[in-house]
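>
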Amino acid sequence: MKKVTIIILVILVAFSTLQSQVRKSGINSLAFLKVGVGARQVGIGSAATTLKGDPNMMFWNPAGIVLSDEKLAVSFTYNRWIADINQVAIGAVYNLKGIGTIGVGIISFGLSGISADRDLLPPDLAYLQIDKQTSSTYSFRDFAFILSYARNVTDLLSLGVNLKYLNERIDDLSASAFAIDLGANYKVTSFWSLGARLSNLGSDIRYYDISSPIPLSFSIGTSLYYTYQRSLTGRLFIDVVQPQDLPQLFFTGVEFDAWSMISARFGYKFNYSGTKDKGTSWRDPIETTIEGFSAGVGAKIEFGNYKVSFDYAFTQMKILDSVHRITVGVGLK
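Per this note's numbering, the sequence shown runs over residues -17 to 315.
Set out below in structure tokens:
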């Protein structure tokens, strides 16, 4: 127990040190990495650091992909984001007995058919125009490819890591970056868990001669569980998140399960709606976040060795239309 506690403290100190050493910036690129994946995780207010046994955890805390009673799990998430932007995510994890759990995931995020204003310069200045395309529309697409690995170091401690390839394409321009995620989960008691994660530690993304950092963040979380007569379970989740370019954020959520079949979830992001970035030398801080309340439901059905799950999440936006997510998962025992 003492040895495990020391390991946890070392991990937390290392994560905090890495976070403090990376430069601050008013603007981050690849903002799609801030958009949550998985209806269950979003339904509890994105306070998901301590969740386990879910393929979607590779998009949050890689230590959480560890499977206990399943051999294989696959998940698909669709999210109609603001401004008609589509987000699609697929995650799959496989339990290698005695070695750990491996996983692979992709995220696609973008929009097509955007009107292109390509003729803003007068003819005599056309040679200055960088955009040489002739189409009346263009598209943008963000993409992430993730390789994930996690294992139970002890009965109480699990560790995980992600390797990520990131790409952004706007019209005919494209830029890429590489990053890693690190995560840890620790089961303090049968009803209390702790977790920590460092997300998106990696290279800058560069367009022309301008580069900007990807959205690095450090999170710690805790969760409490209570079961009543083996049929009803309540869970409380709390995360504290420190993004690279925003003030500290506080996420919290609750989840209620009945007979391990039906779930209801509620969450809220404190200090998130209306948060402003740090600004730059040429502009004042601007409002960057508009999320607040979230809610969701879920259902699980078992067919022999197969487990099928359906999850839905609703997110209230401050000034824009609300966002709806759907996740479908299949597990094989």
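No residue lacks a Cβ here, since even glycine has one placed at the ideal position from N, Cα and C.
Going by C-alpha to C-alpha distance, which of K300, K289, S304, D293 sits closest to E52?
Here the closest residue by C-alpha is K289.
> Starting from G278, follow the alpha helix (DSSP H) in both directions and report where the run begins and ends.
Premise fails: G278 lies in the beta strand (DSSP E), 273 to 285, not in any alpha helix (DSSP H).
> Give me, in chain order, the residues of the same chain whose beta-carbon lies closer than 8 Å to that of S97; leave out the 5 immediate sequence neighbours on both sides.
Only S118, T119 meet the Cβ criterion.
> Can you list, in chain order, the stretches of the beta strand (DSSP E) that have 3 or more residues and sit fully within the segment 205 to 261?
Segments of the beta strand (DSSP E) lying fully in the segment 205 to 261: 214 to 225, 231 to 240, 244 to 252.
> Buried or exposed: L148, going by 16 or more other Cβ atoms within 10 Å of its Cβ?
Flag for L148 reads buried.
> Kindly indicate which residue of M299, N134, N43, N38 has the alpha-carbon position closest to the one of K79.
Checking every option, the nearest Cα to that of K79 belongs to N134.
> Any idea if A281 is buried or exposed, counting beta-carbon neighbours within 10 angstroms, 16 or more meaning buried?
Exposed, by the Cβ-count rule.
> Thinking I283 and L302 are a contact (beta carbons under 8 Å), I'd like their distance in whole angstroms, please.
Not really, about 34 Å apart at Cβ, beyond 8 Å.
> Please state the DSSP three-state secondary structure of F125.
Strand, per DSSP.
> Just curious, the alpha helix (DSSP H) that G25 is in, first and last residue?
Residues 21 to 25.
> Tell me whether the beta-carbon of N61 lies closer than 7 Å to the beta-carbon of R307.
Contact flag set, yes.
> Can you tell me where the beta strand (DSSP E) with Y60 in it begins and where it stops?
54 to 62 is the span of the beta strand (DSSP E), which, as asked, contains Y60.
> For K6, which of helix, strand or coil comes out of DSSP?
At K6, the pLDDT of 48 sits below 50, so the modelled position is not reliable and the matter cannot be decided from this model.
> Quick check: L141 and L314, are their CB atoms within less than 7 Å of each other?
It is not a contact, given that the beta carbons lie outside the stated cut-off.
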